[in-house]
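Written out below as structure tokens is the structure these notes cover.
Shown next as structure tokens:
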């Protein structure tokens, strides 16, 4: 029997005291909880719908096989091998790449600020779901209590509750408005809950993850069973998965598929590196990477089926209401007996009246009723959760109970993702020794949560949703793509393919196959480079803009396209490039430090050995 290669110089014997997961299942749940997030619920179904239904799955799974899983394997492997956070990992691989770890840490921090704000909105809706009737089911009375609020009547109760009673949004990003104290209090509650869950690292998150990772699957299953029994569910599923193969000729479809895989697996955040660092050194990280990635993608499909079964019900209900409104207009105008026009007979009756009495029909306020048009009105992101799906729940018997389940699911789903984000922040800080000796880890965790809460108060302003959109668009996308590219280059070309394969063979007992080596060596870097170039081209095609809400419009809410003012564009550029500056800054600092060491060295012996544990 061939002897397994001995541990390389990257194993730190001092890491025996590092905490470990209670079980392999606990670790897998933590990684799944980190990867499976809100994007699986409100991003993937939208992409399937807008990019050819079932046809979108073709580029999606191609990107999963040749981009997502290989990169994911790298992160789990280096975290498990080096048993450090992102900063320590990249400093150990090569001191000149230490900026990659700092950059991932910075992006993780920025993302955590706005991601937790989404949980603030979810918590607010969750608390309001314990009312009957639901507060977004009807328009409130005006200040004089003589009628309903006109702004609400001009839109809908669901939109009014979201844009006015929750966000109280301003008409322009330059108008910051005031703090919304209900959101500030919800933000404090969210960060307090998160602190209690991550207070002792994996010792506490490992226990909480059993609930936060599994509860969303239970709720999705309940919604799926209920959704499939609702009228219109089949139409919603057919609309979602009917393939349009011609749309695959659009390069944007392939770009969206690649980026969805990238962000859905939470690559280059550093969180998976931190979670894997608590594994025993000898663990099959290859099997873990494939398992977690497949579970994540299958969860997206499962959520899509659930979401669009309910959305089909909503569209069918809206379609029937549209028909009933038109039928009532015909009955009143032409003195038909009540309920004398069935919905199925409406097209024939309308055609006959258009032929015999076209002038009278033309004067009626008839609406264009088409089921496909109502199915087209789905949305992505917060619009799906807080407007479209929330309105669909109103039409379900026992609406408050379904609202409690839905927003409870979203909260636990986001909370489990935040566990990984916080591990990506706390673990690197502990590894680099920022905590003074004798100070407990709980103090660092509390300080991080408190600082994050204070920084995140900008998202609780009336203009907060505009700033959240800026952070979402500019803080992560470009940075993470570049950091992922540097990860592949750093591990495969700097640390070395042979050494990395030796480490994997020592950890798993098997050497990586040709698929893994070819993906790491050429396919994944080329895909990442292509995504980066396509993303830069899209950014260069139009100046950064946003959709502002216009309360002066006769029908609220009405979105108006506006360009960001100059000072906001500067902030957008800082968010896009500031984390990247860590890479040249750290490399330059290492060069200067090496130069100073050479100047201080007055010995003639120049046979200096490389520092142990360094990859370059």
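Residue numbers (the UniProt record's numbering): 1 to 616. Note that beta-carbon positions come from the ideal geometry of N, C-alpha and C, so glycine has one too. Since the model is a prediction, treat every value here as computed from it, not as a measurement.
CA-to-CA, the gap between residue 223 and residue 209 works out to about 22 Å. A Cβ-Cβ distance of about 5 Å is found for the pair residue 191 and residue 449, placing them in contact under the 8 Å criterion.
In this structure, the beta-carbon distance from residue 205 to residue 417 does not fall below 8 Å. In this chain, the beta strand (DSSP E) harbouring residue 546 covers 545–549. By a beta-carbon distance limit of 8 Å, residue 49 contacts residue 240. Their separation comes to about 6 Å.
Residues 310 and 314 of the same chain have their beta carbon placed closer than 6 Å to that of residue 392, with the five preceding and five following residues left out of the count. Beta-bridge analysis with DSSP links residue 560 to 548. Membership of residue 459 in any alpha helix (DSSP H) is not indicated, and neither H nor E is assigned to it by DSSP.
Under DSSP, residue 179 shares a beta bridge with 461. With respect to residue 274, residue 68 sits apart: the two C-beta atoms are not nearer than 8 Å. For residue 141, the three-state secondary structure derived from DSSP is strand. At a cut-off of 4 residues, the continuous stretches assigned as alpha helix (DSSP H) that sit fully inside the region 341–398 are 346–356, 358–362, 371–375 and 389–394. DSSP assignment within the region 15–51 yields no whole beta strand (DSSP E) run of 3 residues or more. 488 is the residue among 488, 498 and 509 whose C-alpha sits nearest the C-alpha of residue 74. Within the DSSP bridge table, the entry for residue 588 names no partner.
Membership of residue 601 in any alpha helix (DSSP H) is not indicated, and neither H nor E is assigned to it by DSSP. Assignment of residue 167 by DSSP, reduced to helix, strand and coil, places it in the coil class. Per DSSP, the unbroken alpha helix (DSSP H) holding residue 116 starts and ends at 98–128. Secondary structure at residue 148: strand, using DSSP grouped into helix, strand and coil. Residue range 86–93 is occupied by the alpha helix (DSSP H) that includes residue 90. The Cβ atoms of residue 93 and residue 491 lie closer than 8 Å to each other. Counting along the chain, no alpha helix (DSSP H) covers residue 172, and no H or E run does either. Straight through space, the alpha carbons of residue 99 and residue 84 are spaced by roughly 15 Å. Each residue's CA atom was taken as its position, placing residue 363 and residue 235 some 33 Å apart.
As the crow flies, the alpha-carbon of residue 548 is around 21 Å from that of residue 540. Under the three-pair Cβ rule at 8 Å, the region 460–469 does not count as touching the region 510–525. The alpha-carbon of residue 58 is positioned some 45 Å away from that of residue 179. About 5 Å separates the beta carbons of residue 572 and residue 474, which is inside the 8 Å limit, making them a contact pair. Look at residue 594 here: in three-state DSSP terms it is helix. Residue environment analysis places residue 403 among the buried positions, since at least 16 neighbouring C-beta atoms fall within 10 angstroms of its C-beta.
Going by DSSP, residue 324 is part of the alpha helix (DSSP H) stretching over 285–334. Annotation: the continuous alpha helix (DSSP H) that includes residue 479 extends over 477–488.
For residue 502, the enclosing alpha helix (DSSP H) covers residues 497–508. Boundaries of the alpha helix (DSSP H) harbouring residue 203: 202–228, taken from the DSSP string.
With a minimum length of 4 residues, the unbroken runs of alpha helix (DSSP H) contained wholly in the region 230–287 fall at 233–241, 251–264 and 271–276.
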